[in-house]
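J.: Take this structure first; my questions come after.
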Amino acid sequence: MLHFRHYQQQDEMDCGATSLRMICKYYGRNMDIYRLRQLCQTTNRGVNLLGVSEAAEKVGFRTQGVKLTLDQLSEIPLPCVLHWRQNHFVVLYKVSKGYYHIADPATGKRRLTAKEFKNNWFAHSELHNGISLLLTPTPQFYDLDEKEENKELQWGAVFQYFSAYRKLFVQLVLGLMAGTILQLIAPYLTQSVVDIGINTRNINFIHLILIAQLSLFIGQVGVDFIRSWILLHISTRVNISVLTDLLIKLMKLPMKFFETKTTGDIMQRMADQQRIEAFLTGSTLSTLFSMVNLVVFGFILAFYNAGIFFIFLVGTILYTGWILMFLKRRGELDQRRFTVSSENQTHIVELVHSIQEIKLNNSERQKRWLWEGIQARLFRFKVKSLALAQYQQAGSMAINQLKNIVITFLSAKAVIDGDLTLGGMVAIQYIVGMVSSPIEQLLGFIQSYQDAKISLERINEIYREEDEEPVENDWLRELPGNKDITLNAITFRYPGAGNEPVLNNVDMMFPEGKTTAIVGMSGSGKSTVLKLILRFFEPESGIIDIGGTNLYNIGFSTWRGSCGVVMQDGFIFADTIENNIAVGDEYPDREKVERAIRVANLDDFIREQPFGLKTKIGTAGKGISQGQRQRLLIARAVYKDPHYILFDEATNALDANNERVIIDNLRSFLKGRTAIIVAHRLSTVSHADNIVVLDKGRVAEQGTHLELAERRGEYFRLVKNQLELGN
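Below you can see the structure in the form of structure tokens.
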């Protein structure tokens with residue numbers, strides 16, 4: 001059997017794509033996890049077996065989803081994908097002597113007994129079979145385009161951040177050279193104290209040497225202080241630059257990226273850049289300094305005694321080999337730590353945001369136990385990491401000490417035999433101490449490099465994502481004269497294998513300067529229409545055009561700048577009321593703010609606040625009700641003074657009085673503007689110029705309120721209780 005390569009999953013929800021990646025590698029193809037994740041249609045809720053199967057077929061496998069008993073596993077082609085614990089995917093790659101060998105993307109390779117295997121694979125204890133996905137490569141698998149192969153990570157882009165500090169690096173190099181020269185003098189001074197000062201009993205010479213050593217110490221400390229300040233200056237600026245660029249890149253990504261990542265995944269990747277920065281500004285430069293000392297003092301040691309240098313060289317090789325032995329296992333533990341830490345971050349954010357529901361349902365203990373379970377897993381990983389580090393450290397220290405003992409013996413013997421002076425022996429001990437420190441630092445450097453490489457690999461996933469608005473595209477920066485919005489044969493389904501289309505071959509027309517309402521049962525696709533118009537997603541088929549111009553040729557910023565939007569899950573920032581209304585304007589236009597307040601009927605609310613418009617709200621200040629929140633979102637949309645207004649249940653949390661006032665104000669504001677309003681309430685949609693009724697992703701009927709009410713069709717059934725027209 002071929003060696004089976006294990007890959008660690010990089011995200012919480014990557015088990016399906018990573019399992020497929022391992023099987024591709026087994027058959028000789030090094031597939032890119034980014035590509036496989038797309039093919040699996042992975043979302044922030046994970047992926048199902050259908051998604052893994054469809055992805056496998058797209059890369060050239062023949063697949064078959066089956067339910068198998070334990071005995072049947074020995075009769076099928078391995079490796080195969082197993083549905084594990086009802087919420088995970090693993091690869092079964094070997095069955096031998098009653099043991100089942102699996103490769104778990106989250107925890108690594110494991111060998112399980114039949115009982116352990118059944119407990120994880122069978123969905124319920126009373127069942128006697130489990131779900132498997134069998135994969136067999138076809139000729140197409142071996143004919144894949146090479147551009148789908150995994151690409152080598154490049155450090156060049158990271159080192160570019162340091163190009164602006166070339167002069168400071170020259171100063172650092174000069175400091176390194178000065179420090180090396182100062183340290184180079186020290187062993188000769190030590191030798192002269194013993195061989196000349198003590199042997200000749202010349203106390204004045206000893207005084208002179210001690211003053212020289214003190215001067216060297218002061219000079220060395222001064223060089224170290226200056227080097228530390230330069231490093232702090234460089235590292236701080238580079239850290240800010242890297243993090244800023246990462247945020248810029250995140251802001252440029254399309255909405256579909258955030259649909260496939262959990263909060264914890266994104267937060268952990270932002271923390272990863274700190275490990276890269278620490279490696280580049282800390283470990284790399286300090287190790288460079290140490291390696292210079294190692295080479296210089298190594299030559300001096302060889303000059304003093306070739307035999308001692310040979311022992312030092314053998315010890316160094318053994319020490320380095322011992323360190324390298326542990327790197328693979330350490331990398332696996334780091335990937336597992338990332339996965340659990342990401343899950344922990346996501347859970348903490350969820351706990352904070354869902355505290356109301358937790359208390360209402362008396363589920364504090366359940367949620368706390370869930371959190372404690374995650375902490376227990378983190379603790380186990382820390383224990384394993386500590387144990388690994390201790391094994392590594394114990395072995396390396398033993399090699400180092402044994403090397404030092406042998407060198408001490410050889411140098412002492414050389415003094416006894418008359419081949420070396422006592423001062424020479426003292427100098428050799430000093431030199432050995434100087435070359436031992438760099439070897440110990442090598443351990444930290446190698447580990448830091450491994451951490452940085454893993455972090456760069458994870459951050460690289462963000463940078464490989466295509467921007468929402470690539471600069472090389474020739475985007476239109478002005479809207480066409482005709483501003484009608486037309487949906488032509490639009491079909492759309494949300495990411496995730498097996499999902500049914502939310503919109504199915506839909507045609508709609510939103511005339512310029514008119515108000516169009518969209519109504520329908522929950523799940524009929526109303527909000528999806530708005531998200532497609534706002535370009536959060538792209539349709540599976542069909543075209544959206546603005547006055548005959550394809551919407552996807554218009555720049556994102558140009559289009560969204562022309563839209564005032566209130567979504568169901570609109571966000572209130574931890575800022576002042578004024579800045580929450582005038583989002584994006586550093587200096588809000590007071591006239592526009594006052595008009596937005598008037599239209600959204602916020603006057604009384606603002607007068608009640610202790611600091612008026614300057615009152616802080618959101619998580620950093622005063623809490624607000626759902627109705628106040630919706631009015632602020634309406635004011636934000638009005639402030640933009642846009643041509644297009646898109647409201648998704650914008651008034652569903654308002655009381656009847658506020659709703660009536662705001663609707664009256666909006667009628668005046670909407671004159672000459674193109675408005676699309678999604679709502680259930682009759683009071684919100686009855687005055688629309690056209691009402692479109694959606695049913696299961698299709699247009700059921702459309703017309704004015706009176707026309708649709710008279711037809712007694714789908715619209716009538718939706719609103720008859722509000723119409724009070726009986727049957």
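Just so you know, UniProt numbering puts 374 at position 374 of the sequence shown, and the rest follows in order with no gaps. Yeah, the Cβ is synthetic: ideal placement off N, Cα and C, and Gly gets one too.
According to DSSP, which residues form a beta bridge with Tyr99?
T.: In the DSSP output, where bridge partners are listed per residue, Tyr99 has Ser96.
J.: At the level of alpha carbons, what is the spacing between Gln10 and Ala427?
T.: Taking the straight line from one Cα to the other gives about 51 angstroms.
J.: Jot down the residue ranges of each uninterrupted beta strand (DSSP E) in the stretch 579 to 664, minimum 3 residues, whole runs only, in chain order.
T.: DSSP runs (the beta strand (DSSP E)) wholly in the stretch 579 to 664: 644 to 648.
J.: Quick one: Cα of Glu148 to Cα of Tyr34, how far?
T.: Summary for Glu148: the model assigns pLDDT 42, below 50, so the residue's position carries little reliability, and this model does not support an answer.
J.: Please confirm whether Gly627 and Leu666 have their CB atoms less than 7 angstroms apart.
T.: No, the pair does not count as a contact, with Cβ atoms beyond the cut-off.
J.: Where do the ends of the beta strand (DSSP E) carrying Pro137 lie?
T.: Counting along the chain, the beta strand (DSSP E) containing Pro137 begins and ends at 130 to 137.
J.: How long is the line joining the alpha carbons of Asn727 and Ser562, rounded to whole angstroms?
T.: Low confidence applies here, because Asn727 scores a pLDDT of 46, under 50, leaving its location unreliable; read the following figure in that light. Their backbone Cα atoms lie some 43 angstroms apart in a straight line.
J.: Just verifying my parser: in three-state terms, what is the DSSP assignment at Val47?
T.: Here Val47 sits in coil by DSSP.
J.: What residue range is occupied by the uninterrupted alpha helix (DSSP H) comprising Thr674?
T.: Here Thr674 belongs to no alpha helix (DSSP H); instead the beta strand (DSSP E) covers 674 to 678.
J.: Using C-beta distances below 6 angstroms, list every residue in its chain close to Ile407, excluding the 5 sequence neighbours before and after it, in chain order.
T.: Ile308, Ile311, Val432.
J.: What number of angstroms, rounded off, separates the C-alpha of His353 from the C-alpha of Gly395?
T.: When rounded, the distance between both Cα atoms is 47 angstroms.
J.: Could you check how far apart the C-beta atoms of Ile554 and Leu646 are, in whole angstroms? I think they sit under 8 angstroms.
T.: 15 angstroms between Cβ atoms; not a contact.
J.: Using 10 angstroms around the beta-carbon of Lys67, count the other beta-carbons present and answer buried if the total reaches 16, otherwise exposed.
T.: By the 10 Å Cβ count, Lys67 comes out exposed.
J.: Might you give, ordered along the chain, the residues of its own chain that have their beta carbon closer than 7 angstroms to the beta carbon of Asp334, omitting 5 neighbours on each side?
T.: These residues qualify, in order along the chain: Asp451, Ile454.
J.: Which same chain residues, not among the five before or five after Asn499, have their C-beta less than 6 angstroms away from its C-beta?
T.: Arg493, listed in sequence order.
J.: Are the Cβ atoms of Tyr100 and Leu112 separated by less than 7 angstroms?
T.: Yes.
J.: CA-CA distance, Asn404 and Glu372?
T.: Distance between the alpha carbons of Asn404 and Glu372: 47 angstroms.
J.: Who are the Cβ neighbours of Asn202 in its own chain at under 8 angstroms, not counting the five residues just before and after it?
T.: Result list for Asn202: Ile196, in chain order.
J.: Hey, how far is the Cα of Asp603 from the Cα of Thr486?
T.: Cα to Cα, the separation comes out at about 37 angstroms.
J.: Met508 lies in the beta strand (DSSP E); which residues open and close that run?
T.: Element bounds for Met508: 503 to 510.
J.: Can you find at least 3 beta carbon pairs, one from the stretch 591 to 605 and one from the stretch 674 to 682, that sit closer than 8 angstroms?
T.: No contact exists between the stretch 591 to 605 and the stretch 674 to 682.
J.: With 16 other CB atoms within 10 Å as the buried threshold, where does Arg336 fall?
T.: Classification of Arg336: buried, given that the 10 Å Cβ count is 16 or more.
J.: Between Leu532 and Ile544, how many whole angstroms is the CB-CB distance? I'm expecting something under 8 angstroms.
T.: About 6 angstroms separates the two Cβ atoms, so the contact holds.
J.: Count the other CB atoms within 10 Å of the CB of Tyr587; is the residue buried (16 or more) or exposed (fewer)?
T.: That one is exposed.
J.: Using the DSSP secondary-structure output, state which residues sit across from Asn690 in a beta bridge.
T.: Answer is Thr516.
J.: Taking 7 angstroms as the limit between beta carbons, can you name the residues of its chain near Arg269, skipping five residues before and five after?
T.: Correct list, in chain order: Arg458, Ile459, Ile462.
J.: Leaving aside the five residues before and after Asn504 along the sequence, list all residues of the same chain whose C-beta is less than 7 angstroms from its C-beta, in chain order.
T.: The answer, listed in chain order, is Thr491, Gly697, Arg698.
J.: Assuming the contact rule is C-beta atoms closer than 8 angstroms, Asp641 and Thr515 should be a hit. Round their C-beta distance to whole Å, please.
T.: Actually they are not in contact, since the Cβ atoms of Asp641 and Thr515 sit about 17 angstroms apart, beyond 8 angstroms.
J.: Given this structure, state the Cα-to-Cα distance separating Ile230 from Pro539, to the nearest angstrom.
T.: C-alpha separation (whole angstroms): 52 angstroms.
J.: So, is His83 buried or exposed, given that buried needs 16 or more other C-beta atoms within 10 angstroms?
T.: Buried, because 16 or more other Cβ atoms sit within 10 Å of the Cβ of His83.
J.: Helix, strand or coil: how does DSSP classify Glu259 here?
T.: Three-state DSSP puts Glu259 in a helix.
J.: Going straight from the alpha carbon of Glu710 to that of Ile518, what length do you get?
T.: C-alpha separation (whole angstroms): 18 angstroms.
J.: Could you pull the start and end residues of the beta strand (DSSP E) that Leu82 belongs to?
T.: Looking at the DSSP string, the run of the beta strand (DSSP E) that includes Leu82 is 80 to 84.
J.: Name the two residues that bound the continuous beta strand (DSSP E) containing Gln64.
T.: Its beta strand (DSSP E) spans residues 61 to 68.
J.: Rounded to the nearest angstrom, what separates Val593 and Thr615 at their Cα positions?
T.: One C-alpha to the other measures close to 15 angstroms.
J.: Return the chain-ordered list of same chain residues with a C-beta closer than 7 angstroms to the C-beta of Gly331, the five sequence neighbours on each side being excluded.
T.: So the qualifying residues of the chain are Gln450, Ile454.
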